[in-house]
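Input: a single structure, listed below in structure tokens.
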Amino acid sequence: MARHRRDTYYWRAKDEGYRSRAAYKLFQINDKFNVIKEGDTVVDLGAAPGGWLEVVKKLTDGKIVGVDLRRIKDIEGIETIKGDITSDVTIKKIIDLVGEDGADVVICDAAPNLSGNWSLDHARSIDLTTSALECAKKILKPNGHFIVKVFQGDMFKDYMDKVRENFSFTKAYSPHASRSESAEIYVIGKKFLTAPLRRNDKFDVVIKEMGASGDGIAYVEDFVVFVKEAEKGEAVKIQITDVKPNFAFAKVIERGEEQSSD
Ligand SMILES: C[S@@+](CC[C@H](N)C(=O)[O-])C[C@H]1O[C@@H](n2cnc3c(N)ncnc32)[C@H](O)[C@@H]1O
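Residue numbering for the sequence shown follows numbering that gives the first Met the number 0, starting at 0 and increasing by one per position.
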């Protein structure tokens with residue numbers, strides 16, 4: 000079955016003129032999660048030979064930048080950088096090409112050199128995907144999206160948590176075009192968070208007003224936080240339970256003295 004699947008996508012890529020069978024993974028991820036849209040600026044990390052870049056070009060007429068350690072053969076309308084995504088020099092080059100508005104989407108199919116030793120390959124993959132996440136955080140617009148390939152293993156959960164801290168929606172997904180015996184999985188992060196707080200952060204706040212749904216409203220650096228079961232004027236210690244692009248939710252973990260809410 001695995002061999003049959005591999006052959007199907009391999010031959011389909013040949014027939015349809017894509018540089019790699021990986022192209023179908025991106026089509027399948029995008030069909031399911033609607034990440035790349037017309038007009039988007041997209042950065043592809045670990046892009047050679049360029050199958051994903053060819054797919055991106057079909058999905059958007061916005062700016063497209065591909066980066067890889069290896070040279071990427073020219074594709075009309077796509078800028079390429081030969082560089083290491085873990086290096087600040089490369090990130091600076093990406094920022095120069097993308098412009099100060101930032102990218103709508105960062106995708107990363109980069110893979111470390113595989114040794115065949117499962118735990119070593121997993122550790123190298125986590126290292127590379129952590130760099131990809133750091134790079135994405137520097138180049139994404141607020142509310143931008145991220146797709147990254149990860150080799151699964153015992154550090155996967157911690158990596159998911161890191162992605163979850165930075166995006167409003169996070170999901171792990173295995174597209175049909177991934178080989179069934181492969182350890183790879185794709186993590187999709189949607190709506191990059193630029194809020195000054197993260198899930199589980201704790202703050203001392205005063206409830207300034209009441210929201211329409213009955214939650215108290217507090218502010219952390221002007222960012223709105225809806226606090227369950229809190230009343231106007233209360234001084235409370237809160238813990239953030241969920242972060243959305245423009246507001247967050249929190250629960251009370253300690254109650255203090257009542258204060259003036261002015
Ligand atoms: C599986 S291929 C990508 C295939 C591509 N998505 C496509 O559809 O053609 C993985 C790529 O990651 C690149 N890569 C690995 N580590 C990298 C790094 N530190 N910086 C840049 N590229 C890297 C490799 O050179 C390789 O070309």
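The beta carbon of each residue, even a glycine, is placed where N, CA and C say it ideally should be.
Need the endpoints of the beta strand (DSSP E) that residue i sits in, please.
{"i": "Glu233", "result": "Glu233 to Val242"}
{"i": "Asn165", "result": "It is not in any beta strand (DSSP E) - Asn165 instead sits in the alpha helix (DSSP H) that spans Phe155 to Asn165."}
{"i": "Tyr218", "result": "Gly215 to Val219"}
{"i": "Glu180", "result": "No beta strand (DSSP E) contains Glu180, which DSSP labels as neither H nor E."}
{"i": "Gly143", "result": "Leu139 to Phe150"}
{"i": "Ile74", "result": "It is not in any beta strand (DSSP E) - Ile74 carries neither H nor E in the DSSP assignment."}
{"i": "Leu44", "result": "Val41 to Leu44"}
{"i": "Asp67", "result": "Ile63 to Asp67"}
Of the choices the options, whose alpha-carbon is the least far from that of residue i?
{"i": "Gly38", "options": "Glu164, Lys62 and Ala249", "result": "Lys62"}
{"i": "Asn142", "options": "Ser118, Asp153 and Ala194", "result": "Ala194"}
{"i": "Gly98", "options": "Val42, Lys36, Leu25 and Asp221", "result": "Val42"}
{"i": "Ala249", "options": "Asp214, Gly232 and Ala234", "result": "Asp214"}
{"i": "Ala229", "options": "Leu119, Gly210 and Glu220", "result": "Gly210"}
{"i": "Tyr8", "options": "Arg178, Lys227 and Phe246", "result": "Arg178"}
{"i": "Lys24", "options": "Thr85, Ile106, Ile71 and Ile74", "result": "Ile106"}
{"i": "Phe32", "options": "Glu133, Ser118, Ser173 and Phe155", "result": "Ser173"}
{"i": "Glu133", "options": "Leu113, Asn112, Tyr158 and Trp117", "result": "Tyr158"}
{"i": "Asp108", "options": "Lys190, Gly49, Leu58 and Lys81", "result": "Gly49"}
By how many angstroms is the C-alpha of residue j removed from the C-alpha of residue i?
{"i": "Leu196", "j": "Asn165", "result": "10 Å"}
{"i": "Val104", "j": "Tyr218", "result": "29 Å"}
{"i": "Met0", "j": "Asp60", "result": "The pLDDT assigned to Met0 is 43, lower than 50, so where the model puts this residue is not dependable, and the model offers no usable value."}
{"i": "Asp95", "j": "Val88", "result": "11 Å"}
{"i": "Thr240", "j": "Arg163", "result": "12 Å"}
{"i": "Trp10", "j": "Asp153", "result": "34 Å"}
{"i": "Ala135", "j": "Asp100", "result": "13 Å"}
{"i": "Arg2", "j": "Arg198", "result": "Confidence is the limiting factor: at Arg2 the pLDDT is only 49, short of 50, which leaves the residue's position unreliable, though a coordinate-based value still follows. Approximately 43 Å, taken between the alpha carbons."}
{"i": "Ala102", "j": "His144", "result": "9 Å"}
{"i": "Ile28", "j": "Ser212", "result": "36 Å"}
{"i": "Arg18", "j": "Trp51", "result": "8 Å"}
{"i": "Ala46", "j": "Asp221", "result": "39 Å"}
{"i": "Val251", "j": "Ile93", "result": "42 Å"}
{"i": "Ile146", "j": "Lys13", "result": "25 Å"}
{"i": "Ser167", "j": "Lys140", "result": "14 Å"}
{"i": "Ala247", "j": "Asp30", "result": "29 Å"}
{"i": "Arg70", "j": "Asn245", "result": "40 Å"}
{"i": "Ser260", "j": "Thr128", "result": "In this predicted model, Ser260 has a pLDDT of only 49, less than 50, meaning its place in the structure is not dependable; the value taken from the coordinates is given anyway. Going from the Cα of Ser260 to the Cα of Thr128 covers about 45 Å."}
{"i": "Val72", "j": "Leu119", "result": "Correcting the residue identity first, residue 72 is Lys in this sequence and not Val. If you take the alpha carbons of Lys72 and Leu119, they lie about 31 Å apart."}
Check for me: the alpha helix (DSSP H) holding residue i runs from which residue to which?
{"i": "Lys81", "result": "No alpha helix (DSSP H) holds Lys81; the beta strand (DSSP E) holding it covers Glu78 to Lys81."}
{"i": "Ile206", "result": "Segment: none, Ile206 is in no alpha helix (DSSP H) and carries neither H nor E."}
Just to confirm, is the Cβ distance from residue i to residue j under 7 Å?
{"i": "Val149", "j": "Ile187", "result": "no"}
{"i": "Val54", "j": "Ala22", "result": "yes"}
{"i": "Lys243", "j": "Asp203", "result": "no"}
{"i": "Ile84", "j": "Ser124", "result": "no"}
{"i": "Lys207", "j": "Gln238", "result": "no"}
{"i": "Ala182", "j": "Gln151", "result": "yes"}
{"i": "Ala171", "j": "Val205", "result": "no"}
{"i": "Lys137", "j": "Ile90", "result": "yes"}
With 7 Å set as the bound, which would you pick, yes or no: does the beta-carbon of residue i sit closer than that to a beta-carbon of chain E?
{"i": "Ala229", "result": "Protein chain content of the structure displayed is limited to a single chain, and chain E is not contained in it."}
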